[in-house]
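Engineer: Have a look at this one before I ask anything.
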Amino acid sequence: MSVLLAQPLAAGHPGFLSPSGVEIVFVLVGIVTLGAALVTVATRQLVHAALWLVVALGGIAVEYLLLTAEFIAWVQVLIYVGSVVVLILFGLMLTKAPIGRSPDADSGNRWIALAVSLAAATTLVTVVVDAFRSTWINVQEPTGPGSGSSEVTGTALFRHWVLPFEVLSVLLLAALVGAIVLSKRNKAGER
Amino acid sequence: MDALDVTVRILAVLVAFLLLPLLVGQTEHKVMAHMQGRVGPMYAGGFHGWAQLVADGVKFAQKEDIVPDGADRRVFQLAPALALIPYLLVLVAIPVAPGGGVAQALDAGIFFVLAVMGVGILGSLMGGWASANKFSLLGGLRTAAQLMAYELPMLLAAASVAMAAGTLSLPGILGVWEWWWLPWQLVGAVVFFTAGLAELQRPPFDAPIADSEIIFGAYTEYTGLRFALFLLAEYAGIVVLSALTAVLFLGGWHGPAADGLGWLWMLLKTGLLAFGVIWLRVSYPRLREDQIQRLAWTALVPLALFQIALTGVVKVVM
């Protein structure tokens, strides 16, 4: 979401009053993505929520594409639509998600959740807008700095951002080990 | 690229998409028939009963389109389209001939094809859940479990080729391909093809649609055209997997007189691999669900990691 809101401001820097076709498409896809995301959390039908999540994640992938970040876009589809959503659907099938409305698909925490998500969105939008205020991506010839080709992304990731990258992989490893430990302990408890 | 060029390319992809899966389907019927000595319909149209395919298509179109009472209508009806369309999109990025013989050269082609192929699985999952049928649900569960197990080795094997070539673009990989990559990437090729078979739920990995256990898995409740779309998605999947394996591991259009006959070599390699897929169906027994999982995690993933290590070592030493 934050990327969506930041883009018209950032890309509009050279000519804000005459938006190009890409910028208009960007905003339209962003609206669809936002709508799908809202339906995802608002619907009472569990599996429909997972399927609307596909639309929202796919919309974000399209936004990446429009920002010339082809590599990031396909990785987004591969990881989130292809694996995370499949995992969610797997879980929903295992727990026999009913067809139709789930009466208990509601939470007393929703107002707190709304406040948290609003706070997170505000923070992200502020940070992203502030960081990329003067960055200009040339969508016609995405070759220079600021474009998102695999080469540029790879260079940035492994030259300037290696440390955060490695920290993230350690975090994921810790999560993996934690998951295994938790599942082992449950089994021992049952016996 | 002018408008005419774009139109011709899109038309070529569309024709390939409509023609090749049917060709593979017909070949499967005939190859299986002759391998098992059960020849089936041989008279329609004359030569080996080729027109039976047309008759089957007409039959599918005539059948009543039934949606079960308890089903989730919209998800149920949307599922076949979601299973089929990704394979059409994948064909756009597969190079068939040297020098611009690809509908659209993509910078991150490998990731594009693997990502979009993974989306097609959602169709089976949606069908499996929305049918309101226990067999369908079991089929959907098995599909999901299988996809999660085999996505990783497939990605790793493809990553090995990308490492070897130093590029993620499919035409770029073919541009630097040499014959000695065949033995170098052999392990990766086997892993990729096997994982691809499992992702397509083709025998011996067809536990998700095992007809003797769970009727037809996620597709149990489908009839008529929607069922035909699922079948077509399976054959389109065979075409895409064979073409991708040919491009990544067998050198695609490389061969004698590649400049003029490149497309022929590509078609030949794809066809041979597709024949292998069919051959496996008539010659291998179905793996059990636990055997499928064990093969992925204890054989394919380590083999794929070994291939990546090998690729890295050779790449650095050379």
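Quick mapping for you: the protein sequence lines, in order, are chains A and B.
For this note's numbering, count along the first sequence from 1 and bump the result up by 600.
For this note's numbering, count along the second sequence from 1 and bump the result up by 233.
Just so you know, even glycine gets a beta-carbon here, dropped at the ideal spot from N, CA and C.
1) Of all Cβ atoms in chain A, is any one closer than 8 angstroms to the Cβ of D305 (chain B)?
2) Could you pull out every residue in the same chain whose Cβ sits closer than 7 angstroms to the Cβ of I672 (chain A), ignoring the five residues on either side in sequence?
3) According to the neighbour-count rule (16 or more other Cβ atoms, all chains shown, within 10 Å of its Cβ), is W711 (chain A) buried or exposed?
4) For a cutoff of 8 angstroms on Cβ pairs, would you count W674 (chain A) as touching chain D?
5) Mind reading off the beta-carbon distance from W486 (chain B) to P313 (chain B)? Whole number of angstroms is fine, and I expect it under 8 angstroms.
6) Give the residues of chain A in contact with D523 (chain B), contact being defined as C-beta atoms less than 8 angstroms apart.
7) Count the CB pairs spanning the stretch 388-397 of chain B and the stretch 338-353 of chain B that are closer than 8 angstroms, and state whether there are at least three.
8) Kindly indicate which residue of B:N366, B:L380, B:L317, B:D340 has the alpha-carbon position closest to the one of A304 (chain B).
9) At 4 residues or longer, what runs of the alpha helix (DSSP H) sit wholly inside the stretch 741-787 of chain A?
10) Based on Cα-Cα distance, which residue from B:A266, B:F425, B:E411 lies nearest to I541 (chain B)?
11) Can you give the Cα-Cα distance for D439 (chain B) and I737 (chain A), rounded to whole angstroms?
12) Which residues in chain A have a C-beta closer than 7 angstroms to the C-beta of A542 (chain B)? List them in chain order.
13) In chain order, what are the residue ranges of uninterrupted alpha helix (DSSP H) at least 4 long that sit wholly in the stretch 701-744 of chain A?
14) If distances are taken between C-alpha atoms only, which option among B:R519, B:L494, B:V472, B:G399 comes closest to L253 (chain B)?
15) Whose C-beta lies closer than 6 angstroms to the C-beta of V264 (chain B) among residues of the same chain, with five residues either side of it excluded?
16) Please confirm whether S647 (chain A) has its beta-carbon closer than 8 angstroms to some beta-carbon of chain B.
17) In the stretch 346-426 of chain B, which residue ranges form an unbroken beta strand (DSSP E) of at least 3 residues, counting only runs that do not cross its ends?
18) In angstroms with no decimal places, state the Cα-to-Cα distance between R759 (chain A) and V246 (chain B).
19) Identify the contact partners of I354 (chain B) in chain A, using a Cβ-Cβ distance below 8 angstroms as the criterion.
20) Along the chain, which unbroken stretches of the beta strand (DSSP E) at least 3 residues long are found entirely within the stretch 493-549 of chain B?
21) Following the continuous alpha helix (DSSP H) through T240 (chain B), name the residue where it begins and the one where it ends.
22) Which value, in whole angstroms, describes the spacing of the CA atoms of F690 (chain A) and L772 (chain A)?
23) To the nearest angstrom, how far is it from the Cα of A656 (chain A) to the Cα of A719 (chain A)?
24) Measuring alpha carbon to alpha carbon, tell me which of A:L724, A:A637, A:V629, A:K784 ends up nearest L666 (chain A).
25) Apply the 10 Å Cβ neighbour rule to D492 (chain B) and answer buried if 16 or more other Cβ atoms are within range, or exposed otherwise.
26) Taking 8 angstroms as the cut-off, does the stretch 490-507 of chain B touch the stretch 527-541 of chain B (at least 3 CB pairs, one atom from each stretch)?
27) Could you list which residues in chain A have their beta carbon closer than 9 angstroms to that of W362 (chain B), in chain order?
28) Straight-line CA distance for G405 (chain B) to A326 (chain B)?
29) What do you get for L317 (chain B), buried or exposed, if any count of 16 or more other CB atoms within 10 angstroms of its CB means buried?
30) At least one CB of chain B closer than 8 angstroms to the CB of R785 (chain A): is that the case?
31) On the CB-based measure, 16 or more other CB atoms within 10 Å of its CB, does E297 (chain B) come out buried or exposed?
32) Shorter than 7 angstroms, the distance from the beta carbon of A395 (chain B) to the closest heavy atom of the ligand MN, or not?
33) Could you spell out the range, first to last residue, of the alpha helix (DSSP H) harbouring H648 (chain A)?
34) Considering Cα atoms alone, identify which of A:S750, A:V716, A:A661 is closest to D340 (chain B).
35) Going by C-alpha distance, which of B:G488, B:L481, B:I299 is nearest G399 (chain B)?
Structural biologist: Looking at the atomic coordinates:
1) yes
2) Y664, G748, T753
3) exposed
4) No chain D is part of this structure, whose protein chains are labelled A and B.
5) Not really, about 33 angstroms apart at Cβ, beyond 8 angstroms.
6) What D523 (chain B) touches in chain A: nothing, since even the nearest Cβ is about 17 angstroms away.
7) yes
8) B:N366
9) 750-755
10) B:F425
11) 47 angstroms
12) None at all; the shortest Cβ gap to chain A is about 18 angstroms.
13) 710-731
14) B:V472
15) I511
16) Note that residue 647 (chain A) is Val in the sequence shown here, rather than Ser. With 8 angstroms as the cut-off, V647 (chain A) counts as an interface residue toward chain B.
17) none
18) When rounded, the distance between both Cα atoms is 39 angstroms.
19) G682, V686
20) none
21) 236-269
22) 21 angstroms
23) 20 angstroms
24) A:V629
25) exposed
26) no
27) V647, L689, L692, M693, A697, I699
28) 12 angstroms
29) By the neighbour-count definition (other C-beta atoms within 10 Å, threshold 16), L317 (chain B) is a buried residue.
30) no
31) Classification of E297 (chain B): exposed, given that the 10 Å Cβ count is below 16.
32) With respect to the ligand MN, the structure offers nothing, as it holds no ligand at all.
33) 646-666
34) A:S750
35) B:L481
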